[in-house]
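Shown next, in structure tokens, is the structure this report addresses.
Numbering (our numbering), first residue to last: -17 to 408.
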């Protein structure tokens, strides 16, 4: 895997040099202002390089868009590397649809066109069509180099009666106080089976807050160092699990980690039924930043700066973003978000549909649903954080927790490794 990443980075750097050297009259990200005749428009065909299956056939997409679309699907473990090799050989696509981390590599090497001017001229997808927190997060240095069709949120909830009224996105101290004051026969996390579950929970957000992606620097002192020290001194883990349906309902566990993957019926179960219909609080992961959540995306779409059909490429991307056929994931546009929210209780994936749990039927309350929508709309969308950095952080703090290093050694190692990574990916 390490060799693969090195090869990919080298290929990207080589491609950047090759594409820049061949450009003489037009900047890669410059919005084309010249008009295109109807005859020329009919002959336009964009090339789409994708790592993901597109359900609709190219000819159907072309019919809807009014111009030709060639779709090249890259499969397999080295699909992104194959894409880069193809580009190096001269097969440069207009649109790339790749995994999140792959897009970060392309953006850091200045491959992607700014889509802001394209949005202004498009009738299909404008800035105001997006959820405000999503479009704000997608802006990078005043530009929008990539878009994502869906996202999800990792957070945690607790019964309000167990944590108090003001525990939303709670601090590390508040979480630790609750952890230390629990009865001996109660789990902190619902259905936890290992000590690492607690470790990951307490460090998940404070580790992200230690990295300044905007300025390419990090500092693992402060909250991270202090929290790591507390985690390393946790009492020996003891599994106190009861049968799965009892933990949260009977207050034998305090916190439930939740993956919000769209306004779907599973949320009814995790946010409402598991708590017997009682009020819940989004405590999130402990932090000092007030961000108790982590946003996550699987894929991103963008336009290569070398594309000569940027307007058409953007219309294809707009079609993919506006696609309403995917039942999972939080949509990034107001229209599709509200469409999910207002699904009838009779629609299969609707969050408004009742679920049966503990031999009882639960339909999510309007209060809980509004609370969830407000939470989703209130998160700071963070699409430019790196999973590679996350892996480095987890690797090092797991070593510390296992006794292979001290908290100070872990902090020093992270400051060194993450700083090197950030500087290599500016």
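Just so it is clear, CB atoms sit at the ideal spot from N, CA and C, and this is done for glycine as well.
Give me whichever residues DSSP pairs with residue 53 in a beta bridge.
Numbered from 1 along the chain shown, position 71 holds the residue referred to as residue 53. Beta-bridge partners assigned by DSSP to residue 53: 30.
Helix, strand or coil for residue 373, going by three-state DSSP, please let me know.
Here the question's residue 373 lines up with position 391 in the chain shown. In the displayed model, residue 373 falls within a helix according to three-state DSSP.
Would you give the residue range spanned by the beta strand (DSSP E) that residue 135 belongs to?
Position 153 of the chain shown, counted from the start, is the residue given in the question as residue 135. Per DSSP, residue 135 belongs to the beta strand (DSSP E) from 132 to 141.
Secondary structure at residue 331, three-state DSSP: helix, strand or coil?
As a first step, residue 331 must be located in the chain shown, where it is residue number 349. It is coil, neither helix nor strand.
Between residue 134 and residue 191, how many whole angstroms is the CB-CB distance? I'm expecting something under 8 Å.
On the chain shown, position 152 is the one that residue 134 refers to. On the chain shown, position 209 is the one that residue 191 refers to. Incorrect: roughly 20 Å between the Cβ atoms, too far for contact.
Below 8 Å on the Cβ atoms is my guess for residue 443 versus residue 229; work out the distance and round it to an integer in Å.
Here the chain covers residues -17 to 408 and nothing more, so residue 443 does not appear.
If you reduce the DSSP assignment to three classes, tell me which class residue 235 lands in.
Counting from 1 along the chain shown, the entry for residue 235 is found at position 253. If DSSP states are grouped into helix, strand and coil, residue 235 belongs with the strands.
Quick check on DSSP: helix, strand or coil for residue 117?
Residue 117 sits at position 135 when you count from the first residue of the chain shown. Here DSSP, grouped into helix, strand and coil, assigns residue 117 to helix.
If you follow the beta strand (DSSP E) that residue 81 is part of, which residue opens it and which one closes it?
For the purposes of this step, residue 81 is taken as the residue at position 99 of the chain shown. First-last of the beta strand (DSSP E) with residue 81: 77 to 81.
DSSP state of residue 202 mapped onto helix, strand, coil:
Counting from 1 along the chain shown, the entry for residue 202 is found at position 220. It is coil, neither helix nor strand.
Assuming residue 312 and residue 242 form a contact by the criterion Cβ under 8 Å, report the distance between their Cβ atoms to the nearest whole angstrom.
The residue you call residue 312 lines up with position 330 of the chain shown. The residue you call residue 242 lines up with position 260 of the chain shown. Your pair residue 312 and residue 242 checks out as a contact, with CB atoms roughly 7 Å apart and the cut at 8 Å.
Return helix, strand or coil for residue 413, following the three-state DSSP convention.
Lying before the first or after the last residue shown, residue 413 is absent from the chain, which here runs from -17 to 408.
When the Cβ atoms of the stretch 125 to 142 are set against those of the stretch 269 to 282, are three or more pairs found closer than 8 Å?
With the cut-off at 8 Å, the stretch 125 to 142 and the stretch 269 to 282 touch.
Once DSSP output is grouped into helix, strand and coil, what is the label at residue 318?
In the chain shown, the residue the question calls residue 318 occupies position 336. Correct three-state label for residue 318: helix.
Residue 281, DSSP secondary structure in three states:
For the purposes of this step, residue 281 is identified with residue 299 of the chain shown, where counting begins at 1. Correct three-state label for residue 281: strand.
Please determine, among 211, 220 and 108, the residue with the shortest C-alpha to C-alpha distance to residue 382.
Counting from 1 along the chain shown, the entry for residue 382 is found at position 400. Closest by C-alpha distance to residue 382, out of 211, 220 and 108, is 211.
Take every Cβ of the stretch 96 to 107, pair it with every Cβ of the stretch 330 to 339, and state whether three or more of those distances are shorter than 8 Å.
Short answer: they don't touch.
Candidates 353, 111, 405 and 277: closest to residue 361 by CA position
Taking the first residue of the chain shown as position 1, residue 361 is located at position 379. Comparing alpha-carbon positions, the option among 353, 111, 405 and 277 lying closest to residue 361 turns out to be 277.
N- and C-terminal bounds of the alpha helix (DSSP H) containing residue 349
Position 367 of the chain shown, counting from 1, holds the residue named residue 349. For residue 349, the enclosing alpha helix (DSSP H) starts and ends at 348 to 360.
Looking at C-beta atoms only, is the number of pairs between the stretch 253 to 271 and the stretch 145 to 156 that lie closer than 8 Å three or more?
In short, these stretches touch, since the Cβ pair count reaches three.
Opening and closing residue of the alpha helix (DSSP H) in which residue 400 lies:
Counting from 1 along the chain shown, the entry for residue 400 is found at position 418. Here the alpha helix (DSSP H) through residue 400 covers 389 to 406.
Length of the line joining the Cα atoms of residue 158 and residue 325:
Counting from one through the chain shown, the residue named residue 158 turns up at place 176. Counting from one through the chain shown, the residue named residue 325 turns up at place 343. Approximately 39 Å, taken between the alpha carbons.
Own chain residues within Cβ distance below 6 Å of residue 388, not counting five before or after
As a working note, residue 388 is residue 406 in the chain shown. Contacts found: none.
Assigned secondary structure, residue 276 (DSSP; H/G/I helix, E/B strand, else coil):
The count along the chain shown starts at 1 and reaches residue 276 at position 294. Strand.
For the alpha helix (DSSP H) holding residue 343, just list the boundary residues, first then last.
Your numbering for residue 343 matches position 361 in the chain shown. Element bounds for residue 343: not the alpha helix (DSSP H) but the beta strand (DSSP E), 342 to 344.
With 16 as the cutoff for other CB atoms within 10 Å, does residue 175 come out buried or exposed?
Against the chain shown, residue 175 aligns to sequence position 193. By the neighbour-count criterion, in which 16 or more other beta carbons inside 10 Å mark a residue as buried, residue 175 falls on the exposed side.
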